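The structure under discussion appears below in the form of structure tokens.
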Amino acid sequence: MEFKIEKKLKGYLGRAGVLTTPHGVIHTPAFVPVGTKATIKSMNPDQVKDVGAEVTLANTYHLYLQPGDETVAKAGGLHKFMNWHGPMMTDSGGFQVFSLGAAYGKDISKITKITDPSLLIPERFDDSNAPRLAKIGQDGVSFKSHLDGSIHYITPEKSIQIQHNLGADIIFAFDECTSPTEDLKYQEEALERTHRWAERSLEEHKKLEREKIAQANGLASRSEENRGPENELFSSSSLALFGIVQGGRDENLRKKSATFIGALDFDGFGIGGSFAKEDMSSAVKWVNEILPEEKPRHLLGIGEPEDFFMGIENGVDLFDCVAPTRLGRNGTLYTKTGRMIIMNTQFREDFSPIEKDCGCYTCKNYTRAYVAHLFHGKEMLGGTLASIHNLYFIVNLVKKIRQSILDDKFFEFKEEFLKNYLK
RNA sequence: GCGUCGAUGGUAGAGUGGUCAAAUACGACACGCUGUAAACGUGUUGCCUUCGGGCUUCGGGGGUUCGAAUCCCUCUCGACGCA
């Protein structure tokens with residue numbers, strides 16, 4: 164993997180670059196569609212590609228449970244298995260520590276509002292006897308499968324092993340995504356844990372890479388005629404590992420984490436954990452001021468249209484988020500003037516496209532009334548057309564931001580877009 | 001013509017003397033969703049309301065009862081059976 168910065172945003176941490184992986188090039192900043200179970204829900208890979216996406220992200224824990232990482236390995240790896248031949252990433256399962264743990268069965272999001280009054284009522288979340296599917300130990304996390312109730316202990320080593328079996332281009336260290344409802348003391352403990360797990364993830368990764376190279380060399384020495392392209396094979400088969408910075412909303416912890424993780428020999432970095440919407444920007448800035456400039460940074464699980472400007476301005480190169488596909492499937496569409504809930508009465512006989520000047524397949528071929536009809540009728544195509552539109556909207560928004568950096572028009576574009584979107 | 005059964009809110013369908021403005025599902029309406037437990041979830045869905053409550057509803061009419069969607073009579077409509 165190679166990362167090259169093309170242009171910087173003068174006076175800020177932002178930059179446009181090119182990330183080269185064994186399966187192709189990613190122009191950063193870029194949006195990474197999420198395909199948790201080796202599929203971008205409701206879309207086929209051609210549609211994902213047509214929407215302009217250059218890279219996708221799948222999930223370690225979910226694929227480990229089903230169909231099993233060994234099965235994916237036998238299939239020839241994720242790319243071949245799911246017919247996505249561009250760059251791929253896998254998340255480590257760290258988010259499931261949160262979503263199946265502290266957040267399980269509760270109405271908690273990793274994004275909170277400072278003003279959220281429910282955060283002032285700790286009892287609301289203190290149902291310690293509430294069932295959790297993820298329980299954190301010092302060594303790893305014990306997961307109870309939501310599919311069949313079986314117990315699985317995931318350690319950093321295990322996560323990395325699974326990810327090597329899955330065979331994405333970029334993989335992530337196993338971390339603990341903490342809940343925004345945890346207090347500072349807990350955030351600190353969790354951070355120490357995540358840091359130890361980062362070291363162990365890195366160590367396991369290096370070990371597996373060494374084994375892979377040794378194995379490839381062994382094969383090479385056995386067959387003379389294969390010698391030439393062999394060096395390429397080494398580099399193209401090697402995975403890049405990103406470490407993950409945590410620390411919640413606390414400035415000291417974020418900086419401490421960025422310093423610690425940034426000093427380790429990772430190929431790039433993820434910025435994870437919970438944020439308050441209002442201070443996400445400063446949290447990202449604290450971190451990216453410390454992380455080594457020459458390595459790519461991925462803001463995990465973000466975001467909404469307005470978040471990209473914040474992140475990119477503060478030095479983020481990659482974003483992934485389920486929002487465009489989940490919102491789409493659930494009938495909410497992005498437009499330049501804000502969200503549109505397509506099932507609302509007003510669209511039942513609206514025969515205009517979702518957005519007049521949108522270049523996506525959905526807008527070029529279908530009306531609001533038709534998409535609304537599909538949703539009312541619970542037709543599968545509705546989710547597909549909506550996901551295509553939303554993903555096109557988001558992927559291209561980030562592309563436009565990238566272009567605005569290259570054109571020295573970032574702030575003009577930001578102002579213009581947000582004026583309309585957040586109207 | 002006789003007999004039997006049935007008629008409940010937008011729809012289907014519970015309820016068969018008070019705890020019923022009436023279960024549940026669907027539909028409708030509105031909202032939510034940020035590294036996917038999610039093609040999912042939440043709220044509202046007779047009328048009025050100072051949100052305390054008030055008022056009119058279970059095919060129509062009449063009756064019994066302190067009290068009726070629920071029991072009785074009758075009418076209307078429907079299904080089935082017998083002529």
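For what it's worth, the working numbering labels the leading residue of the first sequence as 164, then goes sequentially. Glycine included, every Cβ here is placed at the ideal spot set by N, Cα and C. Quick caveat: nothing in here was measured; it's all calculated off a predicted structure.
- The Cβ-Cβ distance between threonine 253 and alanine 216 does not fall below 8 Å.
- Per the Cβ contact rule, the stretch 475 to 491 is in contact with the stretch 458 to 465 (3 or more Cβ pairs under 8 Å).
- According to DSSP, residue pairing for glycine 431 in a beta bridge involves Phe405.
- At the C-beta level, phenylalanine 337 and glycine 406 stay beyond 8 Å of one another.
- In this structure, the beta-carbon distance from glutamate 476 to glycine 177 falls below 8 Å.
- Rounded to whole angstroms, the separation of the alpha carbons of histidine 536 and glycine 264 is 38 Å.
- DSSP places leucine 416 inside the alpha helix (DSSP H), whose first and last residues are 414 to 426.
- Within its own chain, the residues whose Cβ lies closer than 6 Å to the Cβ of threonine 219, once the five positions on either side in sequence are excluded, are Pro196, Gly198, Trp247 and Met251, listed in chain order.
- Taking C-beta separations shorter than 8 Å and ignoring five residues to either side along the sequence, the partners of threonine 547 in its chain run Ser205, Met206 and Gln210, following chain order.
- The shortest CA-to-CA distance from arginine 363 to any of Leu402, Ser322 and Tyr555 is the one to Ser322.
- Residue state for glycine 501 is assigned as strand, using DSSP reduced to three classes.
- When the five nearest sequence neighbours on each side are left out, the beta carbons in the same chain lying within less than 8 Å of the beta carbon of leucine 569 are those of Glu169, Lys170 and Ala179, in order along the chain.
- Using a Cβ-Cβ distance cut-off of 8 Å, the stretch 435 to 444 and the stretch 368 to 380 are not in contact, since fewer than three pairs of beta carbons, one from each stretch, lie closer than that value.
- When only Cα atoms are considered, glycine 433 and aspartate 270 end up about 25 Å apart.
- Proline 230 places its beta carbon 8 Å or farther from that of lysine 273.
- With a beta-carbon spacing of about 6 Å, aspartate 413 and leucine 347 fall inside the 8 Å limit used to define contacts.
- For proline 196, DSSP records a beta bridge to Cys484.
- Taking glycine 249 as reference, the option from Tyr267, Lys237, His190 and Asp302 with the minimal CA-CA separation is His190.
- Counted as a single uninterrupted DSSP element, the beta strand (DSSP E) harbouring tyrosine 316 occupies residues 314 to 317.
- Taking a contact as a CB-CB distance under 8 Å, the pair glycine 303 and proline 319 counts as one, their CB atoms being some 7 Å apart.
- With respect to the 8 Å criterion, phenylalanine 194 and valine 558 are classified as neighbours on the basis of their beta carbons.
- A straight-line Cα-Cα distance of about 9 Å links leucine 354 and arginine 417.
- Of Ser515, Tyr497, Thr508 and Phe166, the smallest CA-CA separation from leucine 585 is found for Tyr497.
- For arginine 492, the closest C-alpha among the options Ile504, Gly435 and Thr223 is that of Ile504.
- Counting every other CB atom within 10 Å of its CB across the protein chains shown gives glycine 540 a total below 16, marking it as exposed.
- In the displayed model, lysine 577 falls within a helix according to three-state DSSP.
- In this chain, the alpha helix (DSSP H) harbouring methionine 245 covers 241 to 245.
- At a Cβ-Cβ threshold of 8 Å, threonine 184 and isoleucine 333 count as neighbours.
- Per DSSP, the beta-bridge partners of histidine 190 are Val181.
- Note on geometry: alpha-carbon atoms of alanine 532 and glutamate 542 lie some 14 Å from one another.
- Comparing C-alpha distances from arginine 356 to each of Val235, Phe306 and Gly300 shows the shortest one belongs to Gly300.
- With a cutoff of 8 Å on beta-carbon distance, leucine 310 and leucine 226 are scored as not near each other.
- Methionine 443 sits in a helix when the DSSP states are folded into three classes.
- The C-beta separation of alanine 403 from glycine 436 comes to about 21 Å, leaving the pair out of contact by the 8 Å criterion.
- Collapsing the DSSP output to three states places asparagine 493 in coil.
- Looking from the CA of tyrosine 175, the closest CA among Thr278, Glu512, Lys448 and Lys519 belongs to Lys448.
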